[in-house]
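Numbering (the numbering used here), first residue to last: 42 to 200.
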Amino acid sequence: MNLTKGLEQAVCIITLLATQDKKFPIASHIINQRLEGASPSYVKKIIRKLVVNGLVTSVSGSNGGFLLAKKPEEVNLLEVVEALEGPIVTYPNTGMINQVFSDMGPTANQGEKVLTEVFRQADEQYTNLLRQQTVAHLIYESLGRREIPVINWNEVIES
42 MNLTKGLEQA VCIITLLATQ DKKFPIASHI INQRLEGASP SYVKKIIRKL
92 VVNGLVTSVS GSNGGFLLAK KPEEVNLLEV VEALEGPIVT YPNTGMINQV
142 FSDMGPTANQ GEKVLTEVFR QADEQYTNLL RQQTVAHLIY ESLGRREIPV
192 INWNEVIES
């Protein structure tokens with residue numbers, strides 16, 4: 042299973058929003074600047090998915106932009122992955138086992154059930170791990186401290 046590059050961009054957007062001073066929404070052009078090289082229309086699609094899934098709030102007006110819809114401690118990686126990629130289902134189960142081994146009767150059907158169950162359990166473990174990883178935890182681990190800096194990214198001047 043390959044996750045799209047949009048997921049990495051979404052994590053960056055969520056992290057920007059998690060550290061943003063809540064009094065000032067991040068302007069969309071600032072997000073586009075920070076994600077240098079990303080297509081603005083693609084970034085817009087990513088943000089739209091995050092808004093639709095309740096992770097990001099859109100603020101309209103001349104001082105509008107985007108804010109994190111929840112506290113960073115309440116947003117986990119599973120929510121971000123599912124907002125971008127949909128539910129995690131790694132095994133496609135196209136029915137090929139039953140087709141290839143149709144002459145084996147019930148054994149083929151049992152083989153399909155066994156393999157499907159193994160991947161269901163793997164998906165469950167994967168989703169549980171992602172669910173445990175909050176945005177706050179990722180920031181804490183990255184910075185080596187248990188606090189999230191407050192930054193107004195709209196005012197940060199790059200050198």
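All residues carry an ideal CB built from backbone N, CA and C; glycine is no exception.
Bear in mind that the values here come from a model prediction, so they are computed numbers and not experimental data.
Q. Given 8 Å as the limit, is there contact between the segment 157 to 165 and the segment 103 to 114, that is, 3 or more CB pairs closer than that?
A. no
Checklist entry - Which of helix, strand or coil does DSSP assign to residue 175? => result On the sequence shown, position 134 is the one that residue 175 refers to. Three-state result, residue 175: strand.
Compare the Cα-Cα distances from residue 137 to each of 127, 195, 150 and 185 and report the closest residue. Stepping through the sequence shown from its first residue, residue 137 is reached at position 96. Checking every option, the nearest Cα to that of residue 137 belongs to 150.
* Same chain, Cβ closer than 7 Å to residue 84, neighbours up to 5 away in sequence not counted -> What you label residue 84 is simply residue 43 of the sequence shown in a count that begins at 1. Same-chain partners within the cutoff: 50, 72, 73 and 76.
Self-check item: Expected contact under 8 Å - CB spacing of residue 177 and residue 189 to nearest Å
Solution: Numbered from its first residue, the sequence shown carries residue 177 at position 136. Numbered from its first residue, the sequence shown carries residue 189 at position 148. About 6 Å separates the two Cβ atoms, so the contact holds.
Review point. Between which two residues does the alpha helix (DSSP H) carrying residue 93 extend?
Key: In the sequence shown, residue 93 corresponds to position 52, counting from 1. Counting along the chain, the alpha helix (DSSP H) containing residue 93 begins and ends at 81 to 93.
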